[in-house]
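Enquirer: Per our numbering, residue 134 is the first one in the sequence shown, and the count goes up by one each step.
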Amino acid sequence: QTLGSMTVSDTAPHLSVKVGCLPVMALTLFAALILLASCHSCGGSLRFASYYGDHMVLQKSPERAVVWGYGPEGAQVYVFLLGVTNQKASPVTVTEGVWRVSFDPVEAGGPYNVTAVVENSTVTLTDVLFGDVWLCGGQSNMYFTTAQVGRARDGIGLVMSGAWFPPNMTPGINAKEFNLCLIRPENFVSDGLRILQAVVFPDVGNFSAVCWLFGRYMYKTLQYPIGLVESCWGGTPVEVWSSSRALQQCGLESAKDGLNVLGPKNNSILWNSMIHPLLNMTIKGALWYQGEANTYYQTETYNCSFPAMIDDWRMAFHHGSGGQTALDFPFGFVQLSTSEKTAADDNFPEIRWHQTADIGFVPNPRMKKTFMAVALDLPDATSPYGTIHPRDKQDVAYRLTLGARAVAYREKDVPFQGPFPSKILCAPTHVSITYDQKVSVTQSKSIFEVRLAAVVG
């Protein structure tokens, strides 16, 4: 695939459920909505679900964006979209406290206002844009923020200082912070988000670096808004992000002893509380940076559990959005980097292999419409956050971008995979291998060669 002093353990209880908008159009102010999940009660009043907010991005055409919320039981809810074009969704009845509508497909752009109305009550979302919405999940390397990135390369420093924005524009992030609700985690949480406070940050320092940079690179390519949803927790294995359906496919219905982490470790706990609440959203695709926790927990089954989780997420988001999220939405992930060069076990190499369902590359017949960013060549021996947390997220995000352009957006001639042998010729003294793309080797003291000894029969 494409290569493109505080110490924090990967088992630290890092939590993040954030929804960010990347509406960086030529004359549009950047804004992001950051959500950290919490408990709530509805109360019967008209309102949108908690992760909808001002300045957000909804999924553009050809999909239909889904908007939902709460209201008085039995009331008729009318939802209007007002802006570049106007729409009035068909009225819906509040059933068991919930209403939901989907708009006709809307082209990328904006801004729009989204207004929900019942008798004597109105709520409005302002400065809403339409673009592509990507979900970013995983553990602490996805949680790793832009402020932690070691060097301000590829403009990340300019973005954080505001210099990247158009002239006469004031950059800012509207941030709404939440706490995670883990009450009754064995049950599904429909909308575990509630606002606690709203603050405005002058930069993107608290947002996922991989997620943010991916969105920024994609905007440069697509030139329309990108919505980013971050849902991650450090030190967590794939089993906590997987539904019971997915785990049953791999014989993992019961949690296995031996997982020594400070964060959640029960099967499906974060699926229930941090993924299930998002299923009604229409999304374009998902990004995933995880696997470190599985290098010491159920490593041998990751070749089943990871692909099964992808399949299950796809099915669940498709069903939850009323068929608007594609049943085979594109799924990109980061293959683990090197943590310890002198490690005595082979758990990290095993997980890298299992991340491809033991095939060695993606997409493949078991993992269709997936793409992978290799990070094996991006170790960080001096990272103040521990070698398991390399600071180079720019290259990782850029490599994910290449995969997304090729797989999700079907762009031709994008080099998102590594070289494959196209021809192998055997001679008495050597083997000649021809690759399908140019291979360059930089001279280094660390280069080694492999010699094959003659076999005497």
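Positions of the beta carbon are idealized from the N, C-alpha and C atoms, including for glycine.
1. Since residue 505 sits in a beta bridge, which residues does DSSP pair it with?
2. In angstroms with no decimal places, state the Cα-to-Cα distance between residue 232 and residue 206.
3. Using three-state DSSP, classify residue 342 as helix, strand or coil.
4. Helix, strand or coil, according to DSSP, for residue 535 in the structure here?
5. In terms of alpha-carbon separation, which member of 495, 426, 476 and 435 lies closest to residue 539?
6. Tell me the DSSP secondary structure of residue 543 in three-state form.
7. On the premise that residue 533 lies in contact with residue 347, defined as a C-beta separation below 8 Å, what is that separation, rounded to the nearest angstrom?
8. Please report the distance separating the alpha-carbon of residue 360 from that of residue 345.
9. Excluding the 5 residues preceding and the 5 following residue 212 in the sequence, name in chain order all residues of the same chain whose CB lies nearer than 6 Å to its CB.
10. Entirely within the region 213 to 237 and at least 3 residues each: give me those beta strand (DSSP E) ranges in chain order.
11. Can the beta-carbon of residue 247 be found closer than 8 Å to that of residue 258?
12. Tell me, please, whether the region 444 to 459 touches the region 368 to 380 by the rule of three or more beta-carbon pairs shorter than 8 Å.
13. For residue 182 and residue 203, I'd like the C-alpha separation in whole angstroms.
14. May I ask you to verify whether the region 461 to 469 touches the region 490 to 508, counting CB pairs closer than 8 Å and requiring at least 3?
15. Quick one: what's residue 192 bridged to in DSSP?
16. Straight-line CA distance for residue 572 to residue 552?
17. Candidates 521, 263, 548 and 214: which alpha carbon is nearest residue 469's?
18. Distance check for residue 453 and residue 252, CA to CA, integer angstroms please.
19. Quick check on the DSSP output: the beta strand (DSSP E) that includes residue 559 runs from which residue to which?
20. Nearest to residue 530 by alpha carbon, out of 545, 343 and 274?
21. Would residue 403 and residue 434 qualify as a contact pair, given that the criterion is a beta-carbon distance under 8 Å?
22. When the Cα atoms are used, what is the spatial distance from residue 556 to residue 460?
23. Go ahead and pull the three-state DSSP assignment for residue 359.
24. Give the DSSP-derived three-state secondary structure of residue 499 in the structure shown.
25. How would you call residue 570, buried or exposed, if buried means at least 16 neighbouring beta carbons within 10 angstroms?
26. From 374, 227, 237 and 199, pick the residue whose C-alpha is nearest to that of residue 409; which is it?
27. Report the rounded CA-to-CA distance for residue 559 versus residue 566, giving the unit in angstroms.
28. On the DSSP bridge assignment, give the partners of residue 181 in chain order.
29. Let me know the beta strand (DSSP E) ranges lying completely inside the region 435 to 497, each 3 residues or longer, listed in chain order.
30. Using DSSP bridges, identify the partner residues of residue 246.
31. For the beta strand (DSSP E) holding residue 565, just list the boundary residues, first then last.
32. Give the DSSP-derived three-state secondary structure of residue 259 in the structure shown.
33. Which of the three DSSP states, helix, strand or coil, is assigned to residue 278?
34. For residue 328, which of helix, strand or coil comes out of DSSP?
Expert: Taking the coordinates as given:
1. Beta-bridge pairing links residue 505 to 466.
2. Distance from the CA atom of residue 232 to the CA atom of residue 206, rounded to whole angstroms, is 9 Å.
3. Annotated three-state conformation of residue 342 is helix, per DSSP.
4. Note: residue 535 maps to helix in three-state DSSP.
5. With distances taken between Cα atoms, residue 539 lies closest to 495.
6. It is coil, neither helix nor strand.
7. Contact between residue 347 and residue 533 holds, with the beta-carbon distance rounding to 5 Å and staying under 8 Å.
8. The C-alpha of residue 360 lies about 10 Å from the C-alpha of residue 345.
9. Excluding sequence neighbours, residue 212 sits near 222, 234 and 249.
10. The region 213 to 237 contains these whole beta strand (DSSP E) runs: 231 to 235.
11. For residue 247 and residue 258, yes; Cβs fall inside 8 Å.
12. Short answer: they touch.
13. Answer to the nearest angstrom: the Cα atoms are 7 Å apart.
14. The region 461 to 469 vs the region 490 to 508: in contact.
15. Residue 192 is bridged to 264.
16. Residue 572 and residue 552 have their C-alpha atoms roughly 7 Å apart.
17. Nearest C-alpha to residue 469 among 521, 263, 548 and 214: 521.
18. Straight-line Cα distance between these residues: approximately 28 Å.
19. Start and end: 554 to 559.
20. Distance from the Cα of residue 530 is smallest, within the candidate group 545, 343 and 274, for 343.
21. Using a Cβ distance threshold of 8 Å, residue 403 and residue 434 do not count as a contacting pair.
22. Looking at the two C-alpha atoms, the distance is approximately 36 Å.
23. Collapsing the DSSP output to three states places residue 359 in a strand.
24. Here DSSP, grouped into helix, strand and coil, assigns residue 499 to coil.
25. With fewer than 16 other Cβ atoms within 10 Å, it is exposed.
26. Checking every option, the nearest Cα to that of residue 409 belongs to 374.
27. The straight-line gap from Cα to Cα measures roughly 9 Å.
28. Answer is 202.
29. Runs found: 464 to 468.
30. DSSP output for residue 246 lists 215 as bridge partner(s).
31. Element bounds for residue 565: 564 to 568.
32. DSSP places residue 259 in strand when its eight states are reduced to three.
33. Strand, per DSSP.
34. With a pLDDT of only 31 at residue 328, under the threshold of 50, the placement of this residue in the model should not be trusted; the figure read from the coordinates follows. Three-state result, residue 328: coil.
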